[in-house]
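The UniProt record's numbering applies: residue 1 is where the sequence shown begins, and numbers increase by one. Backbone N, C-alpha and C define an ideal beta-carbon position, used for all residues, glycine too. Below is one structure; the comments refer to it alone.
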Amino acid sequence: MERLEILMDLHYAGLEPRDKESESSSPGVLTDGTSTPIARTFSVSLATVTPLTNGVPLRYLISNGDTRYYVLKITSKDFNTNNGTATNIVSDNDSYEGNDNGDDSDYRDDGNPTNSNQVFITANTCQLPTNNEGEKLALNYASSLENLINNINVTRSELYKGFGNITVDVTSNDLPMSVYVGVSATSQNSNTEAVASSSETDSTDQWTFDLGVSTRAPLHSYTLRPNLYLIDADFGHALLITGNLTNSQSAVPGFNETDNYEHLNNKTRIYDIYLYPVGHNLDDLAHSYCAISTQGALLNTDNTDVTVTRRGLGHLPKQQFFVSGLNRSTSYHAILTLPDNQSSTSVTGGAVYAAMNFTTQADSNCQLVFNLDFCTEVAYAVPGNASVFSSQQLTQIYDGMAAALFANFTKSQQFISCHASNDSRFSGLKTCEDCSDSYKQWLCTTTIPRCQDWSNESPFLGPRLPGFSRNPLIDSLIKPGPYREILPCVDLCYSIMQSCDSQFGFQCPKEGSAGMLKSYGTRSTDGDITCNYLGAVYFLSAASSTPVLTSAVVLTVITMVMMFL
């Protein structure tokens, strides 16, 4: 019935095909009786037009050489509601709703959908034809079906890497109106125009695509930043986190800012993750939520462990993914998505974030540990022995070492006047708590070294042959093979001197000395982890995580420190 109404509308609008040509026009060009010719390729009244529902994405097939036509009728009421399927899919402060083809005209820097008087037309390529040779789908918009079919005043968006969009500005004078959309699959090698419908076509010569039109927010989007960050990886596992879920520019709109998100797990998660080996053929559709969520990732959220963590900058909630079953010495693409879980149909839209890459380690001498009870901020690969110890056993061993040493420090602290009045304390600015925090940061990073492959020859790594670990207990108890250590950051040592009474006798190696170069490292300004500190995440807010260091005053621990140098 809807299609018949559309065809009748066209008839009464005078858009039925004319059966003769004006003598004043060129052959094949029809006119409307005026001196201005109307270029016409197809019969408007014979076009099949599929009605769309506001805010509901649908999935379609299209054959090479075809064009499909769609329409959404909208009124002023469509701009006065926030209930829909598209309110939560754009979450990062750098969202991109264009084609990422070098044109930044569609780049948005506000982090939220523009809900006022705009119509968002988006499409995703879900699957390519079997013998596709680089052809892409194209999304087209016009204010009338006649213009759309005859390519008059048409706005076009080619689906780059499987994503395309058009945003239409609407004024109150335009309403009510019909939004006419076309999706074409014309071969790049074809010299003929697309047709409204095709003859028999091999099913392998078809695209699958999702199309959505909404007056509230885009049903599909692509974001330039990954919003997914590597904490660390060993030979078969990786630990990744999202950006902050609350109280941040990257916070997810529509979610409770006061929620601690401790309830998040595999079933109640906000974000999804998909892993593909580098070189996987998904690259042509890497911006398509439909393709990423349906094309058989090697691993996804369903076979990862999803939790919430507050480790790292700000101690704000972040979604955490612990991924198992990875191959040694293998590079992976990890793609974060934000699904639109409010959709009432089996087809859902969603946001795609730029892929981030990581590589697993080659040897089993380093094992990933996290969720320690005492050294709660530790989350990285540590010297291990996978043939003897599980990651859970290593977690208990290392955490027990650090907790025992800290207990001894606490006893020593009882003899220092850090709880005295300001006049009697060693510092009017620092307290016992400041000293304890600084010491614990240093203790956890030195007692629990951060481990890398022996084959990794990065200049900031310290070589550790069997029997030469920083902590002798590692060699006597765990007995790892050869590995390289990401040395602790020297500023952790300086922080103890600044925060603790000199009676403790802490002493750091002098800046530039052989002792410092052998025992400590310095932070990078480009986001790489070139020295170990708690809460470190690869390439996440590198500048803000770098502290302002004062002079190279030296000091570290009494006799206990010697075992860690």
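Between Thr307 and Gln320, the C-beta spacing is below 8 Å.
As summarised for the stretch 141 to 193, the continuous alpha helix (DSSP H) elements at least 4 residues long and confined to that stretch are 145 to 149, given in chain order.
Residue environment analysis places Glu457 among the exposed positions, since fewer than 16 neighbouring C-beta atoms fall within 10 angstroms of its C-beta.
For Ser76, the three-state secondary structure derived from DSSP is helix.
Rounded to whole angstroms, the gap between the alpha carbons of Ser455 and Leu298 is 27 Å. For Lys136, DSSP records no beta bridge to any residue. Residue state for Ala351 is assigned as strand, using DSSP reduced to three classes. For secondary structure counted as the beta strand (DSSP E) over 3 or more consecutive residues, the stretch 293 to 369 holds these complete runs in sequence order: 304 to 309, 318 to 323, 331 to 339, 350 to 353, 356 to 359, 366 to 369. Approximately 7 Å separates the beta-carbon atoms of Val213 and Asn54; this is inside 8 Å, confirming the contact. Counting along the chain, the unbroken alpha helix (DSSP H) around Phe409 starts and ends at 391 to 413.
By the neighbour-count criterion, in which 16 or more other beta carbons inside 10 Å mark a residue as buried, Glu377 falls on the buried side. In the displayed model, Gln127 falls within a strand according to three-state DSSP. The DSSP-derived three-state label of Pro472 is helix. Between Thr395 and Phe374, the alpha-carbon positions lie close to 10 Å from each other.
In this structure, Pro226 sits away from Met401, with a CB-CB distance that is not shorter than 8 Å. Collapsing the DSSP output to three states places Gly384 in coil. By the beta-carbon neighbour count (other beta carbons within 10 angstroms, threshold 16), Asn266 is exposed. The shortest CA-to-CA distance from Thr309 to any of Tyr289, Cys366, Phe370 is the one to Phe370.
By the neighbour-count criterion, in which a residue is buried when 16 or more other Cβ atoms sit within 10 angstroms of its Cβ, Asp491 is buried. Counting along the chain, Thr223 sits inside the beta strand (DSSP E) bounded by residues 220 to 223. Residue state for Tyr520 is assigned as coil, using DSSP reduced to three classes.
According to the DSSP assignment, Tyr276 belongs to the beta strand (DSSP E) that extends over 272 to 277. One alpha carbon belongs to Gly325, the other to Asp363, and they sit about 15 Å apart. It is roughly 12 Å from the alpha-carbon of Thr348 to the alpha-carbon of Ala291.
Shown here, Cys435 sits in a helix according to DSSP, grouped into three states. In this structure, Val352 lies near Ile335, with their beta-carbon atoms less than 8 Å apart. Distance between Val181 and Asn64, taken at the CA atoms: about 18 Å.
Less than 8 Å separates the beta-carbon of Phe409 from that of Tyr439. Glu158 and Tyr332 have their alpha carbons spaced roughly 28 Å apart. Taken through DSSP and simplified to helix, strand or coil, Leu61 comes out as strand.
Phe235 and Phe120 have their C-alpha atoms some 44 Å from each other. Ranked by Cα distance from Asn165, the first of Leu477, Leu219, Ile149 is Leu219. A straight-line Cα-Cα distance of about 12 Å links Leu211 and Gly350. Measuring C-alpha to C-alpha distances from Thr522 to each of Gly505, Ser390, Cys493 identifies Cys493 as the nearest. Ile149 and Asp78 have their C-alpha atoms roughly 26 Å apart.
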